[in-house]
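A.B. asks: Structure incoming, see below.
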Amino acid sequence: MDAHVAQLQMQYRNYILSLYQQGFLDDQFTELKSLQDDGSPDFVAEVLSLFFDDCVKLVGNMARALDQIGTVDFCQVGANVHQLKGSSSSVGAKRVKGLCINFKELCEAKNYEGCVRCLQQVDIEYKTLKAKLQDMFNLEKQIVQAGGIVPQVDIN
Amino acid sequence: MVCEMETDQIEEMDVEVLSSMWPDDVGTQADNQFNVEKPAGDLDTLKEVDIAEKRTMADLKRLPELLNTTDQGSSQLTNLVRQWEYMQDHAVRLLREELKILTRQREEAEAKELKIIEEHNFETEEPENVPVLDETSHLFRRFRQKKRDELVDSKRVVIDEEFDTVAYWKQKALSLEKMLEASTERERRLIEKLNESLKTMESHSAPVEELTQNLKRAEGFLHFILQNAPIVMGHQDKDLRYLFIYNKFPSLREQDILGKTDVEIFHGGGVKESEDFKREVLEKGKASKREITFETELFGSKTFLIYVEPVYNKAREKIGINYMGMEVTDQVRKREKMAKLREDNAVRKAMESELTKTIHITEETMRAKQMLATMSHEIRSPLSGVVGMAEILSTTKLDKEQRQLLNVMISSGDLVLQLINDILDLSKVESGVMKLEATKFRPREVVKHVLQTAAASLKKDLTLEGNIADEVPILVVGDVLRIRQILTNLISNAIKFTHRGKVGIKLKVISQPSFASDKEQNETSVWICCDVYDTGIGIPENALPCLFKKYMQASADHARKYGGTGLGLAICKQLVELMGGQLTVTSQVNLGSTFTFILPYKVATSDDHSDDQDEFSDMVDHHQPEPDDTTEGYFQFKPLLGSIYSNGGPVMGNNFLPHKAMLTSPIKLINGSVADPSNSSGQSQTVQVENGGYMDESESAHQYGNGNGHRCPSKESESCSSSQASSEMESELTVSSPREEEKTETEVKETSQPKILLVEDNKINIMVAKSMMKQLGYTMDIANNGVEAINAVKDTSYDLVLMDVCMPVMDGLKATRLIRSYEESGNWDAAIEAGVDIKTSESEQGCERSTDRLPIVAMTANTLAESSEECYANGMDSFISKPVTLQKLKECLQQYLQ
């Protein structure tokens, strides 16, 4: 049993590390995790679900705005990108944030094609991250079910 | 012959040019005419011999005598005689051989004649033949007689020849007669020759001429060989007087040398030595060689290789010495130079290798020290974080066990910090980086404070006392921080090793010590001797020498028992020496030790209190001057009821009144700050201060609104140790009153909770920020945009606003501008103009605080659009870059919530 827990913990640790190494997450995510305590045990999950809901909404908004060929409201797209950028920055979704920064520049330049391409990338990226974090939460769950404690991962 | 000049002769010897043995410029003009030409390639030997002959100088009367009387002389003569005799013998032998040949020829001839006569006789019996042979008839008869006696066979021959004819025999007899005549003639001539030869032999018999020739040849040969050689030869008699000298120094005349000894001729170094050497050879009777360097006025410094052999007469008695000297000055000089060079080389090599070794070691040491310092520094920063965090953790709700563990953690952390500080101090002093500061301070206060601090953490039954002599100035100038560090170190050391009795500090003025250099002395400086004494376990004498060495303790046993790093005393010593003083120790085992340090101070004028910037100015309450404190020379801190101390001195009463009041309180001295009069004097939150022991000091200070309690915690080593000790103490004390503590804590929160407004449109950001605030123990209100923010600010009195810059409806910059405009004008007209819907219902409240400037901190995403300049230009006080972290938030709150 213990061995199983240890194995799961190791797996979890490695998985988290890989997320950092592959640039999905940054220090802000660590910050987020550190805010989770006994008073708010599901804090990270709550924030993230909020974030992904936000993503769905914002990406939808932007996709609609960019669909209006000829009358694209770049300002609206920009506002959405800004929102997404702020959110992703706050949760430490590094890749999404990086894309948003590019996206915003393209938006300001009113580069339609660039924006569309970027939007597609953002769409893929946040979905990938979601899946990855889903896996992470699953692992956490497994560890807890096995009677273990979710380890703190020092990414440094 | 007298005084010839030895010419400058340059010889080719190997490849070098050999200078003359004697200098060129000595000798008279007259001598010069005898100068010998330099040897040319094709030299006439005869001429040379002639000239060489003249070069000899000898006592001519004595020389033959010498030759006759000495072994060497006689043997030479003998040789010559023997050679001559051999030659004569040879001549005689040759002559004899010739004679022998002649004799044999004659005998043959006679035999032949006899035969002929017999034949003749036999044939010519007739008498006519007789007259012819008349002359020889006698011989004939004799031969015939002989023939009868000896030659029997010839008779037979004669008989055989009777068959020939008579005529034939006649003819033959005639020819034989002619032959006989010729033979006779030859014989006569030979006899003549022999006689002649004998005559000449007689005339050759005198060998003198030949001997003389030989001698001349030998002499010539010697001259030829020796004329250019840097060689002096001579013969001296038993009394070492010269009888003969060859190649003498040119300026000396014959009479200057012959018949005199070396000592009589020359003066200077080496003369005596050579004389002694010659005498030694003479005495021992053994030839030997020696190198002697002469230092004479005559020819300066010259080195000769001298060969001396004793000379015997025929009776084997010593009659003097032969002496030969070859000048080897150049060779010796060269040899010595070589030897010196070799020696220098070896020395230099040795030095070089030594130097390289030293440099290597120094470099290694420096590197090691540097690394240690760097490492220490690198460790200190994160460790401060660890300790700081642990201290924050201690402010949260913890159960008893957790708190105890945490206290251990904090105290251990403090210990490590202390150690690292020590190492850094040491390396600073060693590398010369440490700078001393000159500040005015009151020695009495320093002593008192050190003792107070020590007493605060005292857990033993010890009396702490301070005794300052009256003549010690009230105010002096020195590096008070370092002096306190030394005192604290020594006192804590003393306390550590003392179990009963007392520990104290004694200050007195002394005259300038001997180790001080004169330039340090000036009229305004004073030497103060400080004794830190105890009645502890003492130090054995053999441990004293290494006491001040780094990482050394009196014994491993002590290290185990008492702990510690062994750096304290080393640092003390280095600091004292850095300040130009001296640290010494005297000790007796089981009786105690006394550490004494002597330091020079400048005496400061005591009337300028105003710029008294020393470290303690904040600890002495300036508003309540206590004249006693600056002049009192005696303090005592006695143990009272276990861990509680009180002041025994009469002076202390006034100053420590609050402490006395506290003694009646159920919870007692907990924090080191209790010993700090300014913190506790006249403060009503005495009880809270105790709880403050768990808190970040600055934070608690803020919460209590204690304006002048601006104290930096853990900066001084003693505050570290005291807070550590107090923490330990507290763990016991809190057990008795956990409830009370809890109560006061919540009370504090309620009364001092600051009001914070977060203006942010992003829900996720809000959520994160809120969680962080909660973690830091704050709650906050939220506004989603600039308009909401303005309304919130209008309605509520906030202590801090965190403002996002980029927001929908109204951005942070505009909102800030409007808030500032309100603060200046006292109305929201600008906001209304901007289209903000202002609810006027609670405007009164807003007016109340309109005089204060509301701190507004921007939250920027660090993009160009949200530059910090823009933030400031729009009236923001500072900014936090996004994403917001706990650390940034904490710093911000610390800055603005005071």
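Here the protein sequences line up with chains A and B, keeping their order. Quick note: the first sequence uses the working numbering, first residue 1, plus one each step. Quick note: the second sequence uses the working numbering, first residue 157, plus one each step. Note that CB positions come from ideal geometry on N, CA and C, so glycine has one too. Remember, it's a predicted structure, so these values are computed and weren't measured experimentally.
Starting from the Cα of B:K664, find the closest Cα among B:I647, B:R656, B:C686 and give me that residue.
C.D. replies: B:K664 has its Cα closest to that of B:C686, out of B:I647, B:R656, B:C686.
A.B. asks: Does B:F1035 pass the burial test, meaning 16 or more other C-beta atoms within 10 Å, or should it be called exposed?
C.D. replies: Result: buried.
A.B. asks: Residues in its own chain within less than 8 Å of B:E348 by CB, not counting five upstream and five downstream?
C.D. replies: Excluding positions up to five away in sequence, the list is empty.
A.B. asks: Please confirm if B:C1048 has its CB atom under 9 Å from at least one CB of chain A.
C.D. replies: No - not a single Cβ of chain A is within 9 Å of the one on B:C1048.
A.B. asks: In angstroms with no decimal places, state the Cα-to-Cα distance between B:N649 and B:Q738.
C.D. replies: Spanning the two alpha carbons is a distance of roughly 18 Å.
A.B. asks: If you compare alpha carbons, which of B:N921, B:L932, B:F753 is closest to B:A939?
C.D. replies: Looking at the Cα atoms, B:N921 is the closest of the given residues.
A.B. asks: For a test of the three-state rule: what should DSSP assign to B:V745, helix, strand or coil?
C.D. replies: It is coil, neither helix nor strand.
A.B. asks: Below 9 Å between beta carbons: does that hold for B:C728 and B:I666?
C.D. replies: Cβ distance not < 9 Å, so B:C728 and B:I666 don't count as in contact.
A.B. asks: Among residues of its own chain, excluding the 5 on either side of A:N80, which ones have a beta-carbon nearer than 6 Å to its beta-carbon?
C.D. replies: Cβ neighbours of A:N80 beyond the five flanking positions: L58, N61, M62.
A.B. asks: So, helix, strand or coil for B:T472, using DSSP?
C.D. replies: Position check: residue 472 of chain B holds Arg in this sequence, whereas Thr was assumed. Note: B:R472 maps to coil in three-state DSSP.
A.B. asks: When you compare the region 737 to 754 of chain B with the region 575 to 592 of chain B, are there three or more beta-carbon pairs, one atom per stretch, that lie closer than 8 Å?
C.D. replies: These segments do not touch.
A.B. asks: Return the residue from the list B:L554, B:T752, B:T595, B:V484 that minimises the CA-CA distance to B:I462.
C.D. replies: For the residues B:L554, B:T752, B:T595, B:V484, the minimum Cα distance to B:I462 belongs to B:V484.
A.B. asks: Ordered along the chain, which non-local residues of its own chain (more than five positions away) have a Cβ less than 7 Å from that of A:L133?
C.D. replies: Answer for A:L133: L48, listed in chain order.
A.B. asks: Applying a beta-carbon distance threshold of less than 7 Å, which residues of chain C neighbour A:L50?
C.D. replies: The structure shown has no chain C; the protein chains it does contain are A and B.
A.B. asks: Name, in chain order, the residues that DSSP records as bridge partners for B:H391.
C.D. replies: Partner(s): B:F400, B:N478.
A.B. asks: Between the region 39 to 63 of chain A and chain B, which residues of the former have a C-beta closer than 8 Å to a C-beta of the latter?
C.D. replies: Of all residues in the region 39 to 63 of chain A, G39, S40, F43, E46, V47, L50, F51, D54 have a Cβ within less than 8 Å of some Cβ in chain B.
A.B. asks: In three-state DSSP terms, what is A:F24?
C.D. replies: In this structure, A:F24 counts as coil in the three-state DSSP scheme.
A.B. asks: Secondary structure at B:F450, three-state DSSP: helix, strand or coil?
C.D. replies: Reduced to three states, the DSSP call for B:F450 is strand.
A.B. asks: Is there at least one Cβ from chain B nearer than 9 Å to A:E125's Cβ?
C.D. replies: Not closer than 9 Å to any Cβ of chain B, the Cβ of A:E125 fails to qualify, so no.
A.B. asks: Would you mind working out which of B:A1014, B:Q1043, B:N370 sits nearest B:N1030, comparing C-alpha positions?
C.D. replies: Measuring from the Cα of B:N1030, the nearest candidate turns out to be B:A1014.
A.B. asks: DSSP state of B:S430, grouped into three classes?
C.D. replies: If DSSP states are grouped into helix, strand and coil, B:S430 belongs with the helices.
A.B. asks: Just to confirm my understanding: we take B:V543, look at its own chain, exclude 5 residues before and 5 after, and list those with CB closer than 7 Å. What are they?
C.D. replies: Within the same chain, B:V543 has close Cβ partners I566, G569, D570, L573.
A.B. asks: So which of B:R252, B:E274, B:Q383 has the shortest CA-CA distance to B:L350?
C.D. replies: Among B:R252, B:E274, B:Q383, the Cα nearest to that of B:L350 belongs to B:R252.
A.B. asks: Which two residues bound the contiguous beta strand (DSSP E) that contains B:T619?
C.D. replies: It spans 618 to 624 - the beta strand (DSSP E) in which B:T619 sits, taken as one unbroken run.
A.B. asks: When burial is assigned at 16 or more other CB atoms within 10 Å of the CB, is A:F51 buried or exposed?
C.D. replies: Buried, because 16 or more other Cβ atoms sit within 10 Å of the Cβ of A:F51.
A.B. asks: Less than 9 Å between the beta carbons of B:V688 and B:I647, yes or no?
C.D. replies: It is a contact, given that the beta carbons lie within the stated cut-off.
A.B. asks: Look at B:D635 and B:L607 and say whether their C-beta atoms are less than 9 Å apart.
C.D. replies: Going by C-beta atoms, B:D635 is not nearer than 9 Å to B:L607.
A.B. asks: Any C-beta of chain B sitting closer than 9 Å to the C-beta of A:L32?
C.D. replies: It does; some Cβ of chain B falls within 9 Å.
A.B. asks: Nearest to B:E266 by alpha carbon, out of B:G481, B:S550, B:A323, B:L332?
C.D. replies: Closest option to B:E266, Cα to Cα, is B:L332.
A.B. asks: Where do the ends of the beta strand (DSSP E) carrying B:S1034 lie?
C.D. replies: Per DSSP, B:S1034 belongs to the beta strand (DSSP E) from 1034 to 1037.
A.B. asks: On a Cα-Cα basis, can you pick out the residue from A:Q22, A:E46, A:E31 that is closest to B:P1039?
C.D. replies: Comparing Cα positions, the closest option is A:E31.
A.B. asks: Do you know how far the Cα of B:A987 is from the Cα of B:T935?
C.D. replies: Answer to the nearest angstrom: the Cα atoms are 27 Å apart.
A.B. asks: Between the region 73 to 91 of chain A and chain B, which residues of the former have CB atoms less than 8 Å from a CB of the latter, in chain order?
C.D. replies: Against chain B - using a Cβ distance shorter than 8 Å - the residues of the region 73 to 91 of chain A are A79, H82, Q83, K85, G86, S87, S89, S90, V91.
A.B. asks: Please tell me whether B:K658 has its Cβ less than 9 Å away from any Cβ of chain A.
C.D. replies: Judged by the 9 Å Cβ criterion, B:K658 is not in contact with chain A.
A.B. asks: Give me the chain A residues within the contact set of B:T1041, using Cβ-Cβ distance strictly less than 7 Å, ordered along the chain.
C.D. replies: Correct list: E31.
A.B. asks: Taking a contact to mean a Cβ-Cβ separation below 9 Å, would you say B:L703 touches B:I651 in this structure?
C.D. replies: Result no, Cβ atoms of B:L703 and B:I651 do not sit closer than 9 Å.
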